[in-house]
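Asks: Numbers given in the working numbering equal positions in the sequence shown, counted from 1, plus 158. Built from N, CA and C at the ideal position, the CB exists for glycine as well. Computed from a prediction, not measured in an experiment: that's the story for all the values here. Dropping the structure in here first, questions after.
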Amino acid sequence: MPHLLETLAVVLGVGLLMALIVLVKDRLAPVREDDGTREDVAEYIAMMVSVLYAIVLGLCLVSVWDNRVSAEDHVQAEASALHQTYLLAASLPEERRAPLREAARAYAAHVVDVEWPRMAARGPLLEEGWTMLDRIRVAGEVGDSATVAQKIAAQEVLAQLGYVDDARRNRETAAQERLSPVLWTGLILGGVLTLAFMFLFGINRSGTHMVMVMGLAGFIAFTVLLVHQLDSPFGGMLSASADPFTRYFASGRP
Numbered sequence: 159m160p161h162l163l164e165t166l167a168v169v170l171g172v173g174l175l176m177a178l179i180v181l182v183k184d185r186l187a188p189v190r191e192d193d194g195t196r197e198d199v200a201e202y203i204a205m206m207v208s209v210l211y212a213i214v215l216g217l218c219l220v221s222v223w224d225n226r227v228s229a230e231d232h233v234q235a236e237a238s239a240l241h242q243t244y245l246l247a248a249s250l251p252e253e254r255r256a257p258l259r260e261a262a263r264a265y266a267a268h269v270v271d272v273e274w275p276r277m278a279a280r281g282p283l284l285e286e287g288w289t290m291l292d293r294i295r296v297a298g299e300v301g302d303s304a305t306v307a308q309k310i311a312a313q314e315v316l317a318q319l320g321y322v323d324d325a326r327r328n329r330e331t332a333a334q335e336r337l338s339p340v341l342w343t344g345l346i347l348g349g350v351l352t353l354a355f356m357f358l359f360g361i362n363r364s365g366t367h368m369v370m371v372m373g374l375a376g377f378i379a380f381t382v383l384l385v386h387q388l389d390s391p392f393g394g395m396l397s398a399s400a401d402p403f404t405r406y407f408a409s410g411r412p
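Next up, the structure:
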């Protein structure tokens, strides 16, 4: 909720600022009646800028949204494979069950409590997480005295840990990815140019001009904030959550 209120405040503030600039511009440099030819050319250029800006905006949104969805999928896959590993402990020899379950719980808690804040700050994951995965592998090993069913379960534990490993690497990659600086430049510059054309070549009716500029400025501010939030897949208002880990490994249950 605080993030939503901040976003709305920024959008409203930008809109009001643009309205004030329109009023000042209309007083200092009102549009003359003989500017018709210039307005026609300006409308054509403004249309081209708007089309190009829409393309850049679409590329930005697709890029950050795909990364955000991928991050959520990797978290779900990692938590699900870890949970399967936890459940497979029931098929191992009795002395291996508790160590495997405790190691799986410790890894889940480490992801939620330690790694999540680091990913939100775009920091690299610590080596401790990989060490914990190695402990789970060791805990899932069985000796020659194990039955055939127990050995099969141990092999399945290794297979599930392979999925955990892959999902963890993909999660780390998603946390480090950022929107291309080229796209950020196009997003900001395109918004500035679009608003500039609205100011330089305004509509004769100041009221209509003000409403149009306020709406356009607010929308551009909203889209830039939206891209910024989605560009942080683990730390923004619309980020992926650690719910899969907390759901599978809630206190008092597997």
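(1) Can you tell me the Cβ-Cβ gap for Val270 and Ala398, rounded? I've got them flagged as a contact below 8 Å.
(2) Does Asp302 come out as helix, strand or coil in the three-state DSSP assignment?
(3) Could you compute how far the alpha carbon of Arg326 sits from the alpha carbon of Asp292?
(4) If we ignore side chains and look at the alpha-carbon of each, how far apart do Gly298 and Phe403 end up?
(5) Since Pro257 is in the alpha helix (DSSP H), which residue starts that stretch and which ends it?
(6) Assign Met159 to one of two classes, buried (16 or more other C-beta atoms within 10 Å of its C-beta) or exposed (fewer than that).
(7) Mapping DSSP to helix, strand and coil, what is Met395?
(8) What does the Cβ neighbour count give for Thr195, buried or exposed, with the cut at 16 atoms within 10 Å?
(9) What's the C-alpha gap between Leu347 and Ala354?
(10) Please determine, among Ala247, Trp223, Val220, Asp231, the residue with the shortest C-alpha to C-alpha distance to Leu316.
(11) In chain order, what residues of the same chain lie with their CB nearer than 7 Å to the CB of Phe392, ignoring the 5 residues before and after it?
(12) For a test of the three-state rule: what should DSSP assign to Pro402, helix, strand or coil?
(13) As a quick exercise: from Ser249, Thr305, Ala375, Ala262, pick the residue whose alpha carbon is nearest that of Ala239.
(14) Going by beta carbon distance, what residues of the same chain come within less than 7 Å of Asp193, once the five residues before and after it are set aside?
(15) What three-state label does DSSP hand Asp231 in the structure shown?
(16) Just mark Asp389 as buried or exposed, buried being the case when its beta carbon has 16 or more other beta carbons within 10 Å.
(17) Is the beta carbon of Thr352 less than 8 Å from the beta carbon of Leu374?
(18) In whole angstroms, give me the CA-to-CA distance for Ala235 and Arg226.
(19) Drop a sphere of 10 angstroms on the beta-carbon of Ala408, count the other beta-carbons inside from all chains shown, and report buried for 16 or more, exposed for fewer.
Replies: Inspection of the coordinates gives the following:
(1) Contact flag wrong, Cβ pair sits at about 12 Å.
(2) Coil, per DSSP.
(3) Their Cα atoms are separated by approximately 13 Å.
(4) Going by the C-alpha atoms only, they are around 20 Å apart.
(5) Per DSSP, Pro257 is one residue of the alpha helix (DSSP H) stretching across 252-268.
(6) Because the pLDDT of Met159 is 47, which lies under 50, any placement of that residue in the model is unreliable, and the number read from its coordinates should be weighed accordingly. A residue is called buried when at least 16 other Cβ atoms come within 10 angstroms of its Cβ; Met159 does not meet this threshold and is exposed.
(7) In this structure, Met395 counts as coil in the three-state DSSP scheme.
(8) Low per-residue confidence applies at Thr195: pLDDT is 49, beneath 50, and the placement is therefore not dependable, though the value from the model is reported in the following sentence. An exposed status is given to Thr195, since fewer than 16 other beta-carbon atoms sit within 10 Å of its beta-carbon.
(9) Going by the C-alpha atoms only, they are around 10 Å apart.
(10) Looking at the Cα atoms, Ala247 is the closest of the given residues.
(11) The beta carbon of Phe392 lies closer than 7 Å to those of Ala229, Trp274, Met277, Ala278, Ala333, Ala398 in the same chain, with the five residues before and after it left out.
(12) DSSP places Pro402 in the helix class (H, G or I) of the three-state scheme.
(13) Nearest of Ser249, Thr305, Ala375, Ala262 to Ala239, Cα basis: Ala262.
(14) In this prediction, Asp193 scores a pLDDT of 48, lower than 50, which makes its location untrustworthy; no coordinate-derived value is stated.
(15) Helix at Asp231.
(16) Asp389 counts as buried, since no fewer than 16 other beta carbons sit within 10 angstroms of its beta carbon.
(17) Yes, these two residues count as a Cβ contact at 8 Å.
(18) So the two alpha carbons sit approximately 14 Å from each other.
(19) With fewer than 16 other beta carbons inside 10 angstroms of its own, Ala408 counts as exposed.
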